[in-house]
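Same order as they appear, the protein sequences are chains A and B.
To convert, count from 1 in the first sequence and add 9; that's the numbering used here.
To convert, count from 1 in the second sequence and add 9; that's the numbering used here.
Notes for the one structure printed next.
Number of protein chains: 2
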Amino acid sequence: MQTGDDIAAAESGDGNASAGPAGFGDRDASAGPAGIGDGGASPGLADAASPRQRARAPVMSDVGRLAGVSHQTVSRVINGSPHVRPETRAKVTAAMEELGYRPNPVARALVTGRSKMLGVVSFDTTLYGPASTLFGIERAAHESGYFIIVASLESLNRSSVVDAVERLRRQGVDGIMVIAPHAEAGEALLHAPTDVPLVAAEAGPEHGAAVVAVDQVAGAVSATRHLLELGHRTVWHISGPRNFIEARQRHEGWMNTLRDAGAEIPEPLEGDWSPQAGYELGLRLTADRSVTAVFVANDQMALGLLRAVHEAGREVPGDLSVVGFDDIPEAAYFLPPLTTVRQDFIEMGRRSLRMLLRRIETGRRASAEPLVPPELVVRGSTGPPPTP
Amino acid sequence: MQTGDDIAAAESGDGNASAGPAGFGDRDASAGPAGIGDGGASPGLADAASPRQRARAPVMSDVGRLAGVSHQTVSRVINGSPHVRPETRAKVTAAMEELGYRPNPVARALVTGRSKMLGVVSFDTTLYGPASTLFGIERAAHESGYFIIVASLESLNRSSVVDAVERLRRQGVDGIMVIAPHAEAGEALLHAPTDVPLVAAEAGPEHGAAVVAVDQVAGAVSATRHLLELGHRTVWHISGPRNFIEARQRHEGWMNTLRDAGAEIPEPLEGDWSPQAGYELGLRLTADRSVTAVFVANDQMALGLLRAVHEAGREVPGDLSVVGFDDIPEAAYFLPPLTTVRQDFIEMGRRSLRMLLRRIETGRRASAEPLVPPELVVRGSTGPPPTP
DNA sequence: TCGCGGCATGTTAGCGCTAACCGGCCCGCG
DNA sequence: CGCGGGCCGGTTAGCGCTAACATGCCGCGA
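Structure follows, in structure tokens:
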């Protein structure tokens, strides 16, 4: 329906200048200036202007015909074969240009068996960590000429992971990356088909697949040690859900540090990563005046804890020191600014991609990528324990 | 080279030792790839388990041969053609099962011209809004049997949007969704090729493409009105960058509400969405004692403002009321809990997908989706103005 | 002079699938 | 008893590309 475009254009242009009366129903009133300039002179690419029936996109033999060569020579030019005379190459290039020819990746994929697409299965792309990892992967993939196709999981049981991997595989991806923070996901990977290269990010090292991860244990160690060095007798812990590998590893790093320091090891509290959980668990913690330092397994729960402490009329870091994990963008602006452990998700995405590409290209399991080191960021939520 | 599996398992074991003190006790080099132990019974995925030389994946004619029919009949079964006898269908199904046959989507795409893939162009998938939208889109796409392939933008100039659209298009997607919050992106869409259905999310209505969006103006109106109704003489505003459509619309809703109410319209301050900006601008605002209510264009800047107010020794909402926008998961745990405007990103993703699918299937521009209504969430950061 | 090797191109065969057409078979009807 | 018209299913062509081989040409050494 060609006219649709015109109508739409007209309608939007019609918006009265920004000075108009209230009229909230009228969205068009907003800041018109943007498109006005090119309003009349419809853009170069002649979209809606083109005639009703769109000509079939040019294919290789069209180019060949125009250039006076065979379609195969066109293919050679496209793929940079050395056995093409420069003048032939020039003719072909010119013909491609003239026709606006674009190779059809689907046809190419069919014959080569390579789609230049990578699958990513991810659990909750709304969370800061997975979202950032995904972003890092996409960036790195783009640089290497690959596309990313995502399959996110509704729930985190074993079969959903296998199912997602399977869907991706059928779709013809060259390799798969699983952002698999839970133990279940890791285990599921054992049951995944192995005829497609696969790497896991943030999974535990116990599982079959190749893994790239941030060194959670080291992060937890540095957080706990930081608190100990400030003079706290011991450090409490609000952990993440036990089925998350990362939660387990942070827990482990915390515990080992305490043990090595000969400090008492308090019973950890288990949360679900949400501010809500941090708040509720924080209420319990603040009720106990002997608690002077808490290592919280992520920043969101730390935020909840901060609020609980505040409501209890106590102060951070005066009465209680808090360390989080992740370094979300908001952390520096919490009250007080949160001391936390920064994870470089982008770097992780980059490394996992590199690893996957190696597997795809060499055909065999690549050597492991080293763990990405996390970094302790000291801000205002930690200090020496109160002097009684 | 021996089988890579063993190597990797061993390496990952060593790799971690340096990480932290001791004991990840449980690192058994577990089972290796699926199939070693599964005694032949394992259904479906079993093909992967085959020995050394991986057999070529079964194709349609393999199934046909086993079932004693032609490959075309297999195709009919797969595509649910009515003209297949139930018993034939059963034979074919059984053969597919036995062989672990999976249709090759690439071949299908080549012949049908439909890839069942949708492209999403997104700016910063780390931000809460875009990430959630992407998530919503993916979910909805999955339900409709589509895959999502993402192209994220490094920078936000016009050509990068066009470039991303172009890349996606070449990759053979059936349609494209652009999460285009900036004016530039919207304009760029005018120059995008139109031989592929395209819808924009969060773009301004002035531009050519079909648009789905949350009603930003209404959200800003309800926020501002809420503040006015609490008794504030007027409301200040920290806006987002002017090149963001959403920022413009929130600004507009705020301004119109004040004008309608006959309130004075203070000069708005422009931030960049970051907590940092909210903090710095907040410092300026808190210096002026006459400021009693601020509508901030997003929650992160509101967080920065909260901190600025706190540092200035003033109170929220006692001295100053604050309303944010977005309702990020952390907002309820700010100090104080933030009154804000919730946007349903998931719903937006769902609607934009629905619209795109309509365009793809009917071939013509779909009727517009109504704006998604936002919701004011009143929490602890707003109250009546201080009584002097 | 022949022949051989390497270059630049053309020709042919698929990749795995769907679409279109074709051809038996069985049914009912005139 | 002949025949048209559903059913079911087979056969044949491609989709647009790359891989593998075939061809013609040139230059060079024997």
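C-beta atoms are modelled at their ideal positions from N, C-alpha and C, and glycine is treated no differently.
Query, Result
"Among A:Thr135, A:Gln258, A:Leu127, the one whose alpha carbon lies nearest that of A:Ser248", "A:Gln258"
"Reduced DSSP secondary structure (H/G/I, E/B, other) of A:Leu54", "The pLDDT assigned to A:Leu54 is 31, lower than 50, so where the model puts this residue is not dependable; a value taken from the coordinates is nonetheless given after this. A:Leu54: coil per DSSP, three-state reduction."
"Alpha helix (DSSP H) segment containing A:Ala222, residue limits", "No alpha helix (DSSP H) holds A:Ala222; DSSP gives it neither H nor E."
"CB of B:Met310 within 8 Å of CB of B:Pro284, strictly", "yes"
"Alpha carbon of A:Leu177 to alpha carbon of A:Ala197, nearest angstrom", "15 Å"
"Inter-residue Cα distance where the pair is A:Gly89 and A:His80", "14 Å"
"Among B:Ser169, B:Gln180, B:Ile185, B:Lys100, the one whose alpha carbon lies nearest that of B:His191", "B:Ser169"
"Own chain partners of B:Arg316 with C-beta closer than 6 Å, once the 5 adjacent residues on each side are dropped", "Tyr288"
"Within-8 Å CB hit, A:Ser39 to chain B", "In this predicted model, A:Ser39 has a pLDDT of only 31, less than 50, meaning its place in the structure is not dependable; the value taken from the coordinates is given anyway. Chain B contact via Cβ: present."
"Best match in A:Met126, A:Leu236, A:Arg351, A:Leu267 for proximity to A:Ser330 [C-alpha to C-alpha]", "A:Leu236"
"8 Å Cβ cut-off: residues of chain A touching B:Pro284", "Pro338, Glu339, Ala341, Tyr342"
"Contact test: A:Trp263 Cβ vs the ligand COA heavy atom, cutoff 7 Å", "In the structure shown, the ligand COA is absent, as is every other ligand, since no ligand is present at all."
"Where the stretch 72-94 of chain A meets chain B: residues whose CB sits under 7 Å from a CB there", "none"
"Cβ-based contacts, 9 Å cut-off: residues of the stretch 269-299 of chain A near chain B", "Asp269, Ser283, Pro284, Gln285, Gly287, Tyr288"
"Residues of the stretch 135-163 of chain B with Cβ closer than 8 Å to any Cβ of chain A, in chain order", "Thr135, Tyr137, Ala140, Ser141, Leu143, Phe144, Glu147, Arg148, His151, Phe156, Ile157, Ile158, Val159, Ala160, Ser161, Glu163"
"Under the three-state DSSP convention, the category B:Trp245 falls into", "strand"
"Interface residues of chain B facing A:Ser124 [CB-CB closer than 8 Å]", "Val115"
"Limits of the unbroken beta strand (DSSP E) element including B:Val332", "330-332"
"Under the three-state DSSP convention, the category A:Asp335 falls into", "strand"
"Neighbourhood of B:Val187 by C-beta distance below 6 Å, restricted to the same chain and skipping five residues each side", "Val130, Ala209"
"Residue interval of the beta strand (DSSP E) (run including A:Ala104)", "No beta strand (DSSP E) holds A:Ala104; the alpha helix (DSSP H) holding it covers 95-108."
"C-alpha distance - B:Ala222 paired with A:Val93, whole-angstrom precision", "51 Å"
"Residue-level contact to chain A via CB, B:Arg313, 8 Å cutoff", "Residue identity check: residue 313 of chain B is Gly in the sequence provided, not Arg. With 8 Å as the cut-off, B:Gly313 counts as an interface residue toward chain A."
"Cβ contact (3+ pairs, closer than 8 Å) linking the stretch 139-146 of chain B and the stretch 352-368 of chain B", "yes"
"Between the CA atoms of B:Asp308 and B:Leu385 - distance to the nearest angstrom", "13 Å"
"Pick from A:Tyr155, A:Asp224, A:Ile87 that is closest to A:Thr102, judged by C-alpha positions", "A:Ile87"
"Test item: CB-CB of A:Gly327 and A:Pro395 under 8 Å", "yes"
"Residues bridged to B:Gly184 (per DSSP)", "B:Leu127"
"Below-8 Å beta-carbon distance, A:Gln352 vs any chain B residue", "no"
"Within chain A, partners of B:Ala118 - CB distance below 7 Å", "Val115"
"Contact set for B:Leu380: own chain, Cβ-Cβ below 7 Å, skip 5 residues either direction", "Ala222, Val223, Asp224"
"Coil, strand or helix - B:Arg116 by DSSP", "Residue 116 of chain B is actually Ala in this sequence, not Arg. Three-state DSSP puts B:Ala116 in a helix."
"6 Å CB neighbourhood of B:Asp336 in its chain, flanking five on each side removed", "Thr349, Arg351, Val386"
"B:Thr371 in three-state terms, based on DSSP", "helix"
"Where A:Glu273 sits in the DSSP three-state scheme", "coil"
"B:Thr349: first and last residue of the uninterrupted beta strand (DSSP E) it sits in", "349-351"
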